[in-house]
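Numbers given in this note's numbering equal positions in the sequence shown, counted from 1, plus 12.
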Amino acid sequence: MSQDPDTAVRYDVHGDVAVLTIDFPPVNALGAAMKEGMVRRMRQAAEDDAVHAIVVIGDNDRFVAGADIREFGKPPRGPTLLEVQDLLEFSEKPVVCAIDGHALGGGLELALAAPFRVAASRAKLGLPEVNLGLLPGGGGTQRLTRIAGPEVALDLILSGKHIGAAKAKELGLVDEVTDADLLTAAIDFARRKADAGGPWPRAIERTDKVATADSALFEKTRSANAKKWAGTIAPFRIVDCVEAACTRSPQDGLEFEKAAFKECLEAPSRAAQVHLFFAERQAAKVEGLDPAAKPRDIAKVGVIGAGTMGGGIAMSVVNAGIACVLLEVTQDALDAGLEKVRGNYDISIKRGSRSQAQVDAALGLLTSTLDYDDLADCDLVIEAVFENMGVKKEIFGTLDRVTKPDAILASNTSALDIDEIAAATGRPENVIGMHFFSPANVMKLCENVRGTKSSDTTIATVMAFAKRIGKVPVLAGNCEGFIGNRILKIYGQEADLILEQGAAPWDVDRALKGFGFPMGLYLMRDMSGLDVGYRMRQGRIEAGTLDTSSPEYSPLADRIVEAGRHGQKTGAGYYKYEGRDASPDPAVLDMLRDVAAAKQVPQRRFTDEEIVEQILAAMANEGAKILEEGIAQRASDIDVTYVYGYGFPKHEGGPMFWAQRKGLDKLLEIVRANHAKFGDRWKPAALLEARVADGKDWDGKPIAGAG
Ligand code: 3H9
Numbered sequence: 013m014s015q016d017p018d019t020a021v022r023y024d025v026h027g028d029v030a031v032l033t034i035d036f037p038p039v040n041a042l043g044a045a046m047k048e049g050m051v052r053r054m055r056q057a058a059e060d061d062a063v064h065a066i067v068v069i070g071d072n073d074r075f076v077a078g079a080d081i082r083e084f085g086k087p088p089r090g091p092t093l094l095e096v097q098d099l100l101e102f103s104e105k106p107v108v109c110a111i112d113g114h115a116l117g118g119g120l121e122l123a124l125a126a127p128f129r130v131a132a133s134r135a136k137l138g139l140p141e142v143n144l145g146l147l148p149g150g151g152g153t154q155r156l157t158r159i160a161g162p163e164v165a166l167d168l169i170l171s172g173k174h175i176g177a178a179k180a181k182e183l184g185l186v187d188e189v190t191d192a193d194l195l196t197a198a199i200d201f202a203r204r205k206a207d208a209g210g211p212w213p214r215a216i217e218r219t220d221k222v223a224t225a226d227s228a229l230f231e232k233t234r235s236a237n238a239k240k241w242a243g244t245i246a247p248f249r250i251v252d253c254v255e256a257a258c259t260r261s262p263q264d265g266l267e268f269e270k271a272a273f274k275e276c277l278e279a280p281s282r283a284a285q286v287h288l289f290f291a292e293r294q295a296a297k298v299e300g301l302d303p304a305a306k307p308r309d310i311a312k313v314g315v316i317g318a319g320t321m322g323g324g325i326a327m328s329v330v331n332a333g334i335a336c337v338l339l340e341v342t343q344d345a346l347d348a349g350l351e352k353v354r355g356n357y358d359i360s361i362k363r364g365s366r367s368q369a370q371v372d373a374a375l376g377l378l379t380s381t382l383d384y385d386d387l388a389d390c391d392l393v394i395e396a397v398f399e400n401m402g403v404k405k406e407i408f409g410t411l412d413r414v415t416k417p418d419a420i421l422a423s424n425t426s427a428l429d430i431d432e433i434a435a436a437t438g439r440p441e442n443v444i445g446m447h448f449f450s451p452a453n454v455m456k457l458c459e460n461v462r463g464t465k466s467s468d469t470t471i472a473t474v475m476a477f478a479k480r481i482g483k484v485p486v487l488a489g490n491c492e493g494f495i496g497n498r499i500l501k502i503y504g505q506e507a508d509l510i511l512e513q514g515a516a517p518w519d520v521d522r523a524l525k526g527f528g529f530p531m532g533l534y535l536m537r538d539m540s541g542l543d544v545g546y547r548m549r550q551g552r553i554e555a556g557t558l559d560t561s562s563p564e565y566s567p568l569a570d571r572i573v574e575a576g577r578h579g580q581k582t583g584a585g586y587y588k589y590e591g592r593d594a595s596p597d598p599a600v601l602d603m604l605r606d607v608a609a610a611k612q613v614p615q616r617r618f619t620d621e622e623i624v625e626q627i628l629a630a631m632a633n634e635g636a637k638i639l640e641e642g643i644a645q646r647a648s649d650i651d652v653t654y655v656y657g658y659g660f661p662k663h664e665g666g667p668m669f670w671a672q673r674k675g676l677d678k679l680l681e682i683v684r685a686n687h688a689k690f691g692d693r694w695k696p697a698a699l700l701e702a703r704v705a706d707g708k709d710w711d712g713k714p715i716a717g718a719g
């Protein structure tokens, strides 16, 4: 036990009320010492004759963030959550949980086992276990369903969302909400209950909300989400558990939940999602920054370009309560951009994800302009115009003249050289890349790209700013495509070359979708339109930077566009379309056969597993090169990039996690076999070879049993 149980939970008496204060940094999780402390202090309060009621509160304005995630997969230590809950639920003295900050997962389950809950008005409550590939395993599925009914329970537990204290009161999860001092309010509440006398309510014994449950609800929920949940276990088991709360006795329901929790805990998806939980937090940290370099305060942001990307970035900024000025070059473009922003907000109001008041507040922070001088007081300007180096350099030159000297200038470029853009200004130390993903108001990833001269303050500022606007920041180095698009190029290239070897576009799409990507590669290309990529390739061919005689160049995409097939919008691309409905098209197979014959590529059959393995192995090998070159700080940053920016399935943990789980030695075998067959595009990353030789993982830590 890394902390003394007696300090993890402190004991004070206020008159006739015992106050148990949980002080278990960083987030009061249910670690071994904390649970042991709770058991000791609850017994102390039970035995203390001067005490008539008990308040449980968290130190540092936070309640309990759930199970200690660091302990998953390790042998259990200390008392179980159930033992602690029993002490609260069956206490002869009334127990009040006083909730500030967060009561999440096992933290909320702890509170739901107590007879009473008082919350600060700013507190947030939720059962987010599903995000870790788990379900609430401390009675949460049973007690929440019995308190608030199965519809509410399914909504909260399947989404994992946090709700505010007022909503929690409306749903019956808390008894009182206060704006005043929480401890005082909780002590008063506890004293009133003690004076009024027991028995104290037990959520697990309630039947009023479950007796009339509609049994069709569960089947409807399962079938409506079956596709979305493919490859995962937790959401299905959550539905089973909520159903069990409606059909089984309290004890049976709790046993059922316990077994389902164990099943999720042992599933491979849990390890992947827990990996991502820590990876996401790690990604926000920058190694080697000068500790004196503090993030600058960003009070006003300029966004250049009111297209889909610029508009989405501006929405993210104002949604976070930060003033934003959106700049365009013509009134028409500005009007169109603002119209799109308003349209997006209308959709969120209709969907219920934002209230009218929230939208009004956000739009109140958004101004627009055609005049660069209006950016003079911005602390940060994000350029989001189309990918043309000349245009970007001109914009950065202008920004350098009109913005205040310490303003940070960021480019949303997805591949261009940040150093070349920075060189157009007299302040390269203040220039950096901030690569958002479309739609930028929705997608979580922000790939920040450090230039050679970006200062530590600039880096620290954009990492903190991205977090503040609700993004998951990752720091990348400056190379073509950075982390994300550099690997994407390999992903697309390998898939194209698999087609040449005998697979059809729909085979590759089926395999990728089966693995868990939300959409196949070729359907996605068709949806985005094939003509833009075609024009870019033609430009590169003319400029002599794309070698069409190289084995890596697959002409199929160009042949498809030259046949007038520009994707969904022209009714044909890799697929043929009726409206939005895609179907396989033999004409594409004919083109593919011609391409393969001209390149003399031997034909073979692929299983779905082979397609996935081939593509992911190529991605992981490129990821290793990215790590080796220092473009990514750590392997898990690549995973975060792929999950939050490119739809890589969360339950597989990201390409580097996938490779490590498979075994780096196995990955190297695949890479070497392909290298022998296809040549240099499969050259093994030196880092991969070194890690395998040393028996180490991506982070350089010894692999158990290796060596
Ligand atoms: C569960 O409860 C299962 C039960 O149903 C079953 C029981 C039988 N454990 O996010 P932050 C660390 S499953 C251990 O940057 P914020 C985190 O890694 C759990 N460590 O802060 C970071 O460490 P570091 C269900 C945890 O203020 C530091 O705390 N609960 C845990 O932005 C600060 O974290 C959840 O899923 C934990 N549970 O956000 C809640 N949580 O400094 C997960 C955090 O070394 N947690 N850490 O990088 C959160 O959502 C956020 O951390 C929270 C604070 C909102 C609490």
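Note that the Cβ used here is the ideal one computed from N, Cα and C, for glycine as well.
Under 8 Å between C-beta atoms of residue i and residue j
i           : j           : result
residue 117 : residue 162 : no
residue 720 : residue 216 : The structure shown has nothing for residue 720, since the chain only spans 13 to 719.
residue 620 : residue 526 : yes
residue 222 : residue 253 : no
residue 41  : residue 90  : no
residue 301 : residue 471 : yes
residue 584 : residue 592 : no
residue 315 : residue 396 : yes
residue 233 : residue 281 : no
residue 352 : residue 323 : yes
residue 206 : residue 64  : yes
residue 624 : residue 288 : no
residue 305 : residue 431 : no
residue 449 : residue 433 : no
Reduced DSSP category for residue i - H, G, I as helix; E, B as strand; rest coil
i           : result
residue 299 : coil
residue 109 : strand
residue 687 : helix
residue 92  : coil
residue 336 : strand
residue 644 : strand
residue 382 : coil
residue 319 : coil
residue 175 : strand
residue 312 : strand
residue 715 : coil
residue 251 : helix
residue 262 : helix
residue 305 : coil
residue 115 : strand
residue 280 : helix
Endpoints, the alpha helix (DSSP H) within which residue i is located
i           : result
residue 228 : 228-237
residue 724 : The chain is shown only over 13 to 719; residue 724 falls outside these bounds and no answer can be derived.
residue 798 : As displayed, the chain neither begins before 13 nor continues past 719, which places residue 798 out of reach and without an answer.
residue 371 : 368-376
residue 124 : 118-125
residue 487 : Counting along the chain, residue 487 falls outside any alpha helix (DSSP H), though it belongs to the beta strand (DSSP E) covering 484-488.
Span of the beta strand (DSSP E), counted from its first residue to its last, around residue i
i           : result
residue 460 : 457-462
residue 136 : 136-138
residue 188 : 188-190
Chain-order list of residues whose beta-carbon lies under 7 Å from that of residue i (same chain, five-residue window excluded)
i           : result
residue 696 : 633, 680, 683, 684 and 687
residue 631 : 499, 502, 503 and 667
residue 791 : This structure gives no information on residue 791, because the portion of the chain shown stretches from 13 to 719.
Same chain only: Cβ atoms within 6 Å of residue i, ignoring 5 sequence neighbours per side
i           : result
residue 308 : 473
residue 532 : 521, 524 and 525
residue 534 : 517, 521 and 586
residue 131 : 111, 177, 186 and 189
8 Å CB neighbourhood of residue i in its chain, flanking five on each side removed
i           : result
residue 393 : 313, 314, 315, 316, 387, 411, 415, 419, 420, 421 and 422
residue 165 : 153, 156, 157, 254 and 257
At what residue ranges does the stretch 510-598 contain a whole run of the beta strand (DSSP E), taking only runs of 3 or more? 588-590 and 593-595
Quick one: which unbroken beta strand (DSSP E) runs of 3-plus residues sit fully inside the stretch 391-477? Chain order, please. 392-395, 420-423, 443-448 and 457-462
Of all the beta strand (DSSP E) runs that stay within the bounds of the stretch 21-78, which reach a length of 3 or more residues? 21-26, 29-34 and 65-70
Alpha helix (DSSP H) runs wholly inside the stretch 669-713, at least 4 long, in chain order: 676-690 and 698-706
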